[in-house]
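Working notes for the structure below.
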Amino acid sequence: MLTSGPVVVMQVPEMLNVEEVHNFMQELGPLLDSNRPRVVLDCSQVCTMESAGVEMLLRCLEEVLKRDGDLKLAALSPEAEVILELMRVARVFETFQTCEDAVRSFQAIPADAVPQDDPWFANVFNELGVLKQAS
Amino acid sequence: MIAAIIIADSETEGETRCQPVSATTNWACIDVLGQPVLGRIVDGLKNGGIDSVFVFSPPQGSFGIHADARALALDNWRAAGFRFAKCREEAFEAVLIANCGTYAEFDLDDMLAFHHEQGQPVSRALAADGPVDLWLIDPSRFSNSEDLRTDILATDPAYYELLGYVNRLSSAREFRRLVVDSFSSRCRLRPRGVETRPGVWIGESAEVGRGARLVAPAFVGRGVKIGDDCLITRGSNVERSSDIDFATAVEDSSILPNTYLGIGLDLSHSVANGRNLWNLRHDVTLEITDPVVMRPNPGNRARRAWSDIQKDGFRLSAQGVSQ
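In order, the protein sequences belong to chains A and B. Residue numbering for the first sequence follows my numbering, beginning at 18 and increasing consecutively. Residue numbering for the second sequence follows my numbering, beginning at 939 and increasing consecutively.
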């Protein structure tokens, strides 16, 4: 059974420019180095996000995924939503209305941990294959 | 003889302007499908038989620079007041005064006939949602002080019902609606440019890159550069001298003049102007501080806008503009 640390919730600063990214990464960076990091970024206060800020989010996501963790965004401000959509990265992240929902999502049982019955279409392909061979 | 006095000011009954594009520019001075509403009003009046048109607007080169928008508005009205007094001396039969924050389509002859029929010194246009800042005044029966606007508002007018298209142009949302209504022929405003195929207009000297798609209805203004692999679709208009960089998609949006939009972006349901972005879906306005994403395009915006109006050959009394 895999273990992981607690879910860390961090507030993203109001202005995510080059300078703020540097400051923010000094706090967030060490958390990303842990085993299976689980991070929720609270974006409720975000007013401006430059390309450096978006790049930071993508890099953080990449880092946590490398360590078999995850990073989720929560409580996106309308400004943050607009900027993420504008830069075509809105769908890259899993987003939640509230931090509580995002934290709760980490506690959900993953699908691969639950035994699955064969899907209804599994045999259909087999039968089609047989028919094709017969013809 | 009929004169027209046009004041380029946001329509407001109160002390403050309604969501102007900037501190000194209103939506009527911004290109809509190749020409500002102000210019279109002048064209319409010229074609409608007006003998003289006087335009009062922010002086050339002052867009975004003037610190006090309210003082500027007062200056325009004061200058209009002096002009109106001169029209009285010059024995004009009627003076049409329009505060061109609103785009309104109406029959001038019909309004004149109504004005004469009613016999009152002032007639005011009335749209379905309230009065419009458009008056027809008999100068021989109306005397004004320095504050023309207050004098007009203090007079009880005869109301002329506007049956044509009206757009208050007081916000980005209404600006966008005007563009969409033009594309769907709900108003008489037509794009300026060559219709290269049904529903797609391209202005003079515009460049469209390789692989870029313009899906009707769409408008690309004069001097615009559309980068390779871009997509302009769903009633989007890219106005004069803007630059859309490689692989960016613009959907149901307006890019105002002299705006640069960066690489690989996806702009939808928005109005973009330099650093300002109005997103109409999320109902939010924000300033984009990252020049890589969006920024004003260099060039003298004010001079180009004024040269368009001056080409009409009307006498202009705008402050700072010499004939």
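Cβ coordinates follow ideal geometry from the N, Cα and C atoms, glycine included. All values derive from a computational prediction rather than experimental measurement.
Neighbour-count burial assignment, residue i, 16 or more Cβ in a 10 Å radius
i       : result
A:M73   : buried
B:V1117 : buried
B:N985  : exposed
A:H39   : exposed
A:L82   : exposed
B:G1161 : buried
A:D87   : buried
B:L1205 : buried
B:H1053 : buried
B:A1066 : exposed
B:A1092 : exposed
A:P47   : exposed
A:N52   : exposed
B:Q973  : buried
B:S1108 : buried
B:R1106 : buried
Range of the contiguous beta strand (DSSP E) that encloses residue i
i       : result
B:F1052 : Per DSSP, B:F1052 belongs to no beta strand (DSSP E); it is in the alpha helix (DSSP H), L1046 to Q1056.
A:D59   : R55 to D59
A:Q43   : Careful: A:Q43 lies outside any beta strand (DSSP E), inside the alpha helix (DSSP H) at V35 to L49.
B:T1134 : V1132 to R1135
B:R1233 : M1232 to P1234
B:I968  : Premise fails: B:I968 is in no beta strand (DSSP E) and is neither H nor E.
B:T1171 : L1169 to T1171
B:F1121 : Per DSSP, B:F1121 belongs to no beta strand (DSSP E); it is in the alpha helix (DSSP H), A1110 to F1121.
B:V1222 : V1222 to E1225
B:P1069 : G1068 to I1075
C-beta neighbour in chain B for residue i, strict 8 Å
i      : result
A:M104 : yes
A:P23  : no
A:R68  : Rather than Arg, the amino acid found at residue 68 of chain A in this sequence is Ser. For A:S68, the answer is yes, since a Cβ of chain B falls inside 8 Å of its Cβ.
A:T115 : no
A:E37  : no
A:T112 : no
Within chain B, the residues that residue i reaches when beta carbons sit closer than 9 Å
i     : result
A:N34 : T1227 and D1228
A:V99 : S1208, L1215, N1217, R1219, H1220, V1222 and L1224
A:P95 : N1217, H1220, D1221, V1222 and L1224
Contacts of residue i in chain A (Cβ-Cβ under 7 Å)
i       : result
B:V1202 : In the sequence as presented, Val is not what sits at residue 1202 of chain B; that position holds Gly. Per Cβ cutoff of 7 Å: R105.
B:L1205 : L103
Supposed contact pair residue j and residue i - C-beta distance, whole angstroms, cut 8 Å
i       : j       : result
B:F1044 : B:A1063 : 7 Å
B:S1179 : B:V1188 : The Cβ separation is near 16 Å, so there is no contact.
B:L1034 : B:L976  : 14 Å between Cβ atoms; not a contact.
B:D969  : B:E1177 : 4 Å
Neighbour flag for residue i against chain A, beta carbons, 8 Å
i       : result
B:V1231 : yes
Residue i, enclosing alpha helix (DSSP H) - first and last residue
i       : result
B:S975  : Reading off the sequence, residue 975 of chain B comes out as Val, not Ser. From DSSP, the alpha helix (DSSP H) with B:V975 extends over V975 to N985.
A:A119  : C116 to F123
B:L1091 : L1086 to A1092
A:A69   : S68 to K83
Contact with chain E by residue i, beta-carbon distance below 8 Å
i       : result
B:D1045 : Considering every chain present, this structure includes no chain E. Its protein chains are A and B.
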